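Numbering (the numbering used here), first residue to last: 340 to 879.
Okay, so here's the structure we're looking at.
Spelled out as structure tokens, the structure:
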């Protein structure tokens with residue numbers, strides 16, 4: 340599967356897809372996680388690089404580089420070139436809105452008749468200084484020769500053009516290597532474009548008509564393309580190509596059969612509720628208190644409990660309660676900035692705890708990472724490698740269920756996440772409509788459903804789930820009609836339940852008084868939905 344972020348690009352309206360700018364924290368303050376920088380090395384002297392160029396036209400041509408930027412030195416190459424017409428593919432349509440107002444963008448359709456690989460682009464904001472960006476990150480366990488395509492830039496006559504090249508790296512020892520990055524120097528904080536290899540499968544891609552209200556000057560809105568389903572495979576006309584070179588990343592377990600169109604998990608009209616076993620002061624709840632909470636949740640029609648980590652005896656206490664009341668668990672491996680590797684101590688501890696518990700019959704899904712991309716704890720390749728490694732550990736211990744990771748929409752579409760899409764059974768999104776400026780509570784369901792559709796399209800149409808969605812009862816407003824409150828919460832949650840309750844995990848069961856009250860949204864403590872039990876959430 341060759342999905343990439345530009346196939347469903349960017350609904351970044353008003354702070355980027357749900358919670359991109361005022362993200363709330365769900366990690367427990369008592370987690371014993373030290374914050375350390377991730378070590379990702381760029382291949383240094385000792386690697387032999389052999390460049391070759393793919394003949395064809397690159398369709399993405401950025402604006403000429405400013406005087407403050409420069410490409411990394413590269414060997415002089417004189418490739419053969421062929422002039423062709425631009426390839427028509429569903430790259431996101433950038434619409435510039437020069438002044439505040441309401442803009443209408445018409446629908447657009449693009450038909451792709453064969454698998455097409457082009458040079459796309461992602462963007463990232465960087466501070467002043469020298470930055471190494473892009474490239475392909477790979478992890479090798481021993482001395483390995485890696486052959487792969489990568490996107491880079493070339494400058495001719497002062498014009499910077501993105502091109503796809505193929506390189507052979509001889510990596511001398513075990514480690515993490517970034518192949519073919521570019522180096523950029525900026526004098527001030529700047530949004531820079533980074534070329535990425537982008538592949539589109541055959542199909543009909545559509546960008547729906549959009550009506551957008553803009554409150555800023557020179558606002559750029561991206562109209563995303565989506566495709567409803569992958570096309571039927573074409574009849575073979577030739578012998579299959581030889582197998583590709585061995586990959587340098589761990590091999591994932593064999594793929595499961597394709598899930599049904601509605602999603603691979605059998606759910607109730609209220610798929611699930613998030614749950615953290617903490618008292619108001621942050622201490623751990625007793626097994627009896629956990630059992631009482633789960634009894635209430637199960638009796639009001641929820642089919643799943645989503646946990647985030649393994650501290651506070653979450654698995655034995657919550658698991659036993661779920662078994663007694665006949666509902667399933669969605670377990671988690673929490674990543675908190677101390678590293679993004681199976682051997683990172685806090686991750687290794689959670690994996691070991693889960694394997695030791697081992698009641699796999701209660702588990703429908705394992706979510707590896709909660710907003711790890713958005714928070715910068717993992718690169719896409721690091722997270723994909725971790726998911727594969729967790730699969731190997733849990734698979735060896737007897738788990739045969741499903742895997743995913745979850746993040747906000749802006750993290751899914753802001754970079755090439757194809758490695759993650761290949762590693763998971765389906766994508767998940769955390770989406771909170773209150774963070775989208777101007778969204779009314781009664782519009783929350785439509786907003787969250789739209790965010791899920793974008794993320795599903797990023798992963799080539801894999802049907803996914805909303806792993807976290809809610810509306811707070813207190814905090815600051817994000818627009819005249821986008822305010823927290825008990826009445827607003829009831830309306831918003833009812834809207835989400837009606838629109839996609841069977842695919843959404845609601846956040847959260849009770850208020851989290853132990854959280855920091857002084858965040859930007861001033862809402863961290865007030866997401867509890869207990870008052871909606873018996874009204875919005877009805878008995879099973």
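Backbone N, C-alpha and C fix where the C-beta goes; we use that ideal spot for every residue, glycine too.
Values in this document were obtained by computation on a predicted structure and should not be read as measured data.
Exercise. Could you give the distance in angstroms between the alpha-carbon of residue 444 and the alpha-carbon of residue 812?
Worked result: For residue 444 and residue 812, the distance between alpha carbons rounds to 35 Å.
Among 660, 627, 648, 656, nearest to residue 638 - alpha-carbon criterion: Restricting attention to 660, 627, 648, 656, the CA atom closest to the CA of residue 638 is found in 660.
Please state whether the Cβ-Cβ distance between residue 865 and residue 814 is less than 8 Å. Yes, the Cβ-Cβ distance between residue 865 and residue 814 is below 8 Å.
**Item:** Cβ separation of residue 767 and residue 743, assumed to be a contact under 8 Å, to the nearest whole Å
**Value:** A Cβ-Cβ separation of about 5 Å places residue 767 in contact with residue 743 under the 8 Å criterion.
- prompt: By Cβ distance below 8 Å, which residues in the same chain neighbour residue 703 in space, the five residues on each side in sequence not counted?
  reply: Excluding residues up to 5 positions away in sequence, 604, 643, 667, 668, 669, 740, 741 lie with their Cβ nearer than 8 Å to the Cβ of residue 703 in the same chain.
Measuring only the C-alpha atoms, how far is residue 806 from residue 648?
Each residue's alpha carbon lies about 14 Å from the other.
*asked:* Which of the three DSSP states is assigned to residue 798 in this structure?
replied: The answer is coil: DSSP assigns residue 798 none of H, G, I, E or B.
Q) Using a Cβ-Cβ cut-off of 6 Å (strictly less than) and excluding sequence neighbours within five positions of residue 705, which residues of its own chain qualify? A) Excluding residues within five positions, the ones whose Cβ falls inside 6 Å are 670, 742.
*Where the alpha helix (DSSP H) containing residue 733 begins and where it ends*: Unbroken alpha helix (DSSP H) run through residue 733: 719 to 735.
Own chain, CB closer than 7 Å to residue 795, minus 5 neighbours either side, in chain order
Answer for residue 795: 766, 801, 802, 803, listed in chain order.
Checklist line | Start-to-end residues for the beta strand (DSSP E) that takes in residue 513 | finding: Counted as a single uninterrupted DSSP element, the stretch harbouring residue 513 is not any beta strand (DSSP E), since DSSP gives it neither H nor E.
inquiry  = With the cut-off set at 8 Å, would you say residue 784 and residue 834 are in Cβ contact?
reply    = The Cβ atoms of residue 784 and residue 834 lie closer than 8 Å to each other.
Alpha-carbon spacing of residue 718 relative to residue 873, whole angstroms = Those two C-alpha atoms are separated by around 42 Å.
Original post:
Near residue 662, which residues of its chain fall below 7 Å by C-beta distance, leaving aside the five closest residues on each side in sequence?
Top reply: Closer than 7 Å at Cβ, skipping near neighbours: 701.
- Where residue 450 and residue 622 are concerned, what is the direct C-alpha to C-alpha distance, given to the nearest angstrom? If I take the Cα positions, the gap works out to 56 Å.
Q: Determine, using beta-carbon pairs with one atom in the stretch 785 to 794 and one in the stretch 844 to 854, whether at least three such pairs fall under 8 Å.
A: As far as the Cβ criterion goes, the stretch 785 to 794 does not touch the stretch 844 to 854, which means the pair count is below three.
Output needed for residue 838: all residues of its chain with C-beta closer than 6 Å, excluding positions within five of it in sequence on either side, in chain order. Taken in chain order, the residues that qualify are 784, 788.
Would you mind stating whether residue 651 and residue 614 have Cβ atoms separated by less than 8 Å? Contact: no.
| query | When you compare each of 797, 772, 781 to residue 752 by their alpha carbons, which one comes out closest? | reply | Selected option, being the one with the closest Cα: 797.
- What do you get for residue 737, buried or exposed, if any count of 16 or more other CB atoms within 10 angstroms of its CB means buried? Its Cβ having fewer than 16 others within 10 Å, residue 737 is exposed.
Proximity to residue 755 [Cα-Cα], best of 474, 439, 829, 466:
Among 474, 439, 829, 466, the Cα nearest to that of residue 755 is on 474.
#### Entry: Expected contact under 8 Å - CB spacing of residue 693 and residue 654 to nearest Å
About 7 Å; that satisfies the 8 Å criterion.
**Message:** Starting from residue 692, trace the beta strand (DSSP E) in both directions and tell me its first and last residue.
**Reply:** That residue, residue 692, is in no beta strand (DSSP E); its alpha helix (DSSP H) goes 684 to 696.
Helix, strand or coil at residue 849 [DSSP, three-state]: Annotated three-state conformation of residue 849 is coil, per DSSP.
Looking at residue 508 and residue 518, is the spacing between their C-beta atoms short of 8 Å?
Yes, Cβ-Cβ distance for residue 518 and residue 508 is below 8 Å.
For residue 341, three-class secondary structure by DSSP
Note that residue 341 scores 32 on pLDDT, short of 50, meaning its location in the model is unreliable and no value can be drawn from it.
query: Does DSSP put residue 743 in a helix, in a strand, or in coil?
result: Here residue 743 sits in strand by DSSP.
Check your understanding: By Cβ distance, which residues of its chain are closer than 8 Å to residue 770, with the 5 residues on each side in sequence left out?
Key -> Close CB contacts of residue 770 within its chain, under the 8 Å cut and outside five residues either way in sequence, are with 356, 357, 358, 747, 748, 786, 787, 790, 791, 805, 807, 808 (chain order).
- Buried or exposed: which applies to residue 586, given that a residue is buried once 16 or more other Cβ atoms fall within 10 Å of its Cβ? With a pLDDT of 40 at residue 586, under the threshold of 50, the modelled position of this residue cannot be trusted, and the question is left open.
- request: Ignore the nearest five residues each way along the sequence and tell me which others in residue 453's own chain have a CB closer than 7 Å to its CB.
  value: Same-chain partners within the cutoff: 541.
ask   = Relative to the alpha-carbon of residue 606, which residue among 875, 836, 862 has its alpha-carbon at the smallest distance?
value = Nearest option by C-alpha distance: 836.
Practice problem: Could you check which residue in 857, 726, 698 has the C-alpha nearest to that of residue 674? | Solution: Out of 857, 726, 698, 726 has the C-alpha closest to the C-alpha of residue 674.
(message) Report the CB separation of residue 844 from residue 612 in whole angstroms; it is logged as a contact under 8 Å.
(response) With a Cβ gap of about 7 Å, residue 844 and residue 612 count as contacting.
Original post:
Taking the alpha helix (DSSP H) that residue 832 falls in, what are its first and last residues?
Top reply: In the DSSP assignment, residue 832 falls within the alpha helix (DSSP H) that extends over 825 to 839.
Counting only the same chain and skipping the five closest in sequence on each side, list residues whose C-beta sits under 7 Å from that of residue 875.
For residue 875, same chain residues with a beta-carbon under 7 Å away, outside a window of 5 residues either side, are 829, 832, 833, 836 in chain order.
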